[in-house]
Amino acid sequence: MNTDIANNNLIDLGLMQEAGTAPNEKGGTRQVHLYSYTYDGHLLARLIESFDPSRRGKAYQNAYQILQSILNMEPRASHEIFYSVLYKKFNEVGLFGEFVIDRLRESLESYPKINTMKELQYSSPVIFRTNSAEKGKLYLDLWDEAFIEMTPEIRELLLFNMKIDIEQRMMTRAMAPRNYEKYRMENIQIRDRLSMEGYCKNCNLGYPCQVYTREYLKRTNYLPNAPILDDCLKCTKRSLLIPTL
Ligand SMILES: [Zn+2]
Numbered sequence: 749m750n751t752d753i754a755n756n757n758l759i760d761l762g763l764m765q766e767a768g769t770a771p772n773e774k775g776g777t778r779q780v781h782l783y784s785y786t787y788d789g790h791l792l793a794r795l796i797e798s799f800d801p802s803r804r805g806k807a808y809q810n811a812y813q814i815l816q817s818i819l820n821m822e823p824r825a826s827h828e829i830f831y832s833v834l835y836k837k838f839n840e841v842g843l844f845g846e847f848v849i850d851r852l853r854e855s856l857e858s859y860p861k862i863n864t865m866k867e868l869q870y871s872s873p874v875i876f877r878t879n880s881a882e883k884g885k886l887y888l889d890l891w892d893e894a895f896i897e898m899t900p901e902i903r904e905l906l907l908f909n910m911k912i913d914i915e916q917r918m919m920t921r922a923m924a925p926r927n928y929e930k931y932r933m934e935n936i937q938i939r940d941r942l943s944m945e946g947y948c949k950n951c952n953l954g955y956p957c958q959v960y961t962r963e964y965l966k967r968t969n970y971l972p973n974a975p976i977l978d979d980c981l982k983c984t985k986r987s988l989l990i991p992t993l
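Under this note's numbering, the first residue of the sequence shown is numbered 749, with each subsequent residue one higher.
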């Protein structure tokens with residue numbers, strides 16, 4: 749009974765699934781439930797293994813196989829098709845563990861209230877941040893390579909998903925959210941650019957503006973803590989600060 753309760757908790761978390769029932773126990777009055785770990789359950793187990801430096805290398809490789817199995821389940825959304833290709837490229841240069849699993853593990857350490865593996869995956873930053881310029885460049889180059897290999901429809905969907913995600917974060921940070929939310933909606937159809945809120949120190953004025961998603965991504969990879977500078981519409985100086993979120 750206690751095992752069933754524990755297993756039900758794991759099922760609620762998406763870490764285990766019921767795999768069927770076995771015939772009645774000999775002399776028993778109920779069927780025995782059979783359980784197996786889901787892909788998420790296996791992935792979490794590999795993440796936990798990777799806390800131990802001596803088991804990390806093996807855990808990375810197992811996690812890679814599990815993630816590829818998850819990402820290749822049909823029907824696939826645009827981000828699943830894209831990340832399957834991107835992770836393959838990371839793996840080929842020996843950086844899958846550092847670029848993907850280390851980030852998932854850091855999220856696990858920094859967000860104690862995460863309840864499911866989906867939440868964990870969404871909690872890890874969309875954009876890779878590193879203090880190593882060389883690694884940041886490599887990440888971005890591989891990201892570009894994978895992006896170019898996608899069909900035009902997948903590329904458009906990917907950019908749109910990123911736009912929604914980044915603009916939602918901008919919304920929570922906007923100094924003038926009433927202006928920003930209207931501007932964001934008016935420009936929702938512009939798929940390759942982001943609606944952001946810029947601030948000019950010279951004019952002490954904040955207003956919404958457009959930034960190319962690709963440029964934003966490049967900047968957040970190289971200089972994650974420095975805001976992007978653009979020309980101010982009022983004073984025309986290069987003093988409009990656009991935050992990297
Ligand atoms: Zn200005």
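Here a beta-carbon is modelled for each residue, glycine too, at the ideal position from N, C-alpha and C.
Considering only DSSP beta bridges, list what residue i is partnered with.
i, result
"Pro956", "Glu945"
"Leu977", "Leu989"
Using C-beta distances below 7 angstroms, list every residue in its chain close to residue i, excluding the 5 sequence neighbours before and after it, in chain order.
i, result
"His827", "Leu906 and Asn909"
"Cys983", "Cys948, Asn950 and Cys951"
"Tyr808", "Ser798, Phe844, Gly845 and Ile849"
"Val959", "Arg941, Leu942, Met944, Ile976 and Ile990"
"Leu725", "Given a span of 749 to 993 for the chain in the structure shown, any question on residue 725 remains unanswerable."
Between residue i and residue j, which are expected to be in contact by the criterion C-beta below 8 angstroms, what is the C-beta distance as a whole number of angstroms?
i, j, result
"Leu819", "Ser832", "4 angstroms"
"Leu942", "Thr961", "6 angstroms"
"Asp940", "Cys957", "Rounded, the Cβ-Cβ distance is 15 angstroms, inconsistent with contact."
"Arg926", "Glu915", "In fact, because the Cβ distance is near 15 angstroms, the residues do not count as touching under 8 angstroms."
"Leu890", "Gly946", "The Cβ separation is near 30 angstroms, so there is no contact."
Near residue i, which residues of its chain fall below 8 angstroms by C-beta distance, leaving aside the five closest residues on each side in sequence?
i, result
"Glu897", "Val833"
"Phe895", "Phe830, Arg903 and Leu906"
"Gly805", "Gly845"
"Met923", "Glu945, Tyr947 and Gly954"
Leaving out five residues before and five after residue i in sequence, what residues of the same chain have Cβ atoms less than 6 angstroms from its Cβ?
i, result
"Arg803", "Glu797"
"Arg986", "Leu977 and Asp979"
Judging by CA-CA distance, which residue of the options is the nearest neighbour of residue i?
i, options, result
"Thr899", "Lys806, Ala825 and Ala807", "Ala825"
"Leu888", "Arg917, Phe847, Ser855 and Glu857", "Phe847"
"Arg917", "Thr992, Asn935, Phe838 and Ala811", "Thr992"
"Glu963", "Lys985, Lys911 and Glu934", "Lys911"
"Phe838", "Glu822, Lys883 and Asp788", "Lys883"
"Gly789", "Ser858, Ser855 and Ala811", "Ala811"
"Glu840", "Ile938, Leu886, Pro801 and Pro823", "Leu886"
"Asn879", "Asn935, Thr968 and Lys985", "Thr968"
"Ser855", "Ser817, Ile938 and Leu795", "Leu795"
Quick check on residue i - is its C-beta less than 7 angstroms from some C-beta in chain C?
i, result
"Ser832", "In the displayed structure, chain C is absent; only one protein chain is listed."
What residues does ligand 1 have around it, judged by CB closer than 7 angstroms to any heavy atom, in chain order?
Cys948, Asn950, Cys951, Leu953, Cys980, Lys982, Cys983, Lys985, Ser987 and Leu988
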